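Notes follow the structure.
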Amino acid sequence: MNTASDGSGPAIIDALGSGLPMLLLQFLLVLALLVVGILIYMAVTPFHERELVRNGNPAAATVLGGALVALAIPLAALLATTGSFLDILVWGVVAVLLQLLTVAVVSHLLRGMRAMVEEGQVAAAIPLVAAQLSIGLLNAAAMVPA
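Quick note: the sequence shown uses my numbering, first residue 595, plus one each step.
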């Protein structure tokens, strides 16, 4: 049986006792960033995602789901690569802002996308989701220390 060097108990229990509280705090911070990020996203995007999804609009559900995953990707990278609350907070805010900028740019480039998504045209949602996921992945890769 593997025990701690001081003989006080199993090493895994000691590691859980010291690491689990920090893990939970960091996870809760990232979860809060994800929730706040998606709420801000829904408040500033040209769609009324909640209402559209509630009414069964597949394009709006696709866009909202894509936004959630695209926000989660860089936040997950932060959680995996940093132990600092400040780093997680600062770079988490950067991740949210980059996703909002992505929506603004794609919405500008694809005129009429709002109407198409509101009409339930999934084909209109796919380029936005692809852009969001691409930026989320690039953002996550940029946040990983070299």
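Every residue gets a Cβ at the ideal spot worked out from N, C-alpha and C, and that includes glycine.
If you're wondering where the values come from, they're calculated on a predicted model, not measured in any experiment.
Contact between Asn733 and Pro668 is confirmed by a C-beta separation of about 4 Å, below the 8 Å threshold. Per DSSP, the continuous alpha helix (DSSP H) segment holding Phe621 begins and ends at Ala605 to Val638. Rounded to the nearest angstrom, the Cβ distance from Glu645 to Leu658 is 11 Å, too far for a contact under 8 Å. When the beta-carbon positions are compared, Thr675 and Met616 stay at least 8 Å from each other. Listed in chain order, the alpha helix (DSSP H) runs fully inside the segment 691-736 are 707-712, counting runs of at least 4 residues. Distance from the Cα of Leu704 is smallest, within the candidate group Leu692, Glu713, Ala718 and Leu695, for Ala718.
Within the same chain, Cβ atoms closer than 7 Å to the Cβ of Leu628 are found at Leu665, Ala666 and Leu669, the five residues on either side in sequence being excluded. Under the Cβ criterion (8 Å, minimum of three pairs), the segment 707-727 does not count as touching the segment 675-688.
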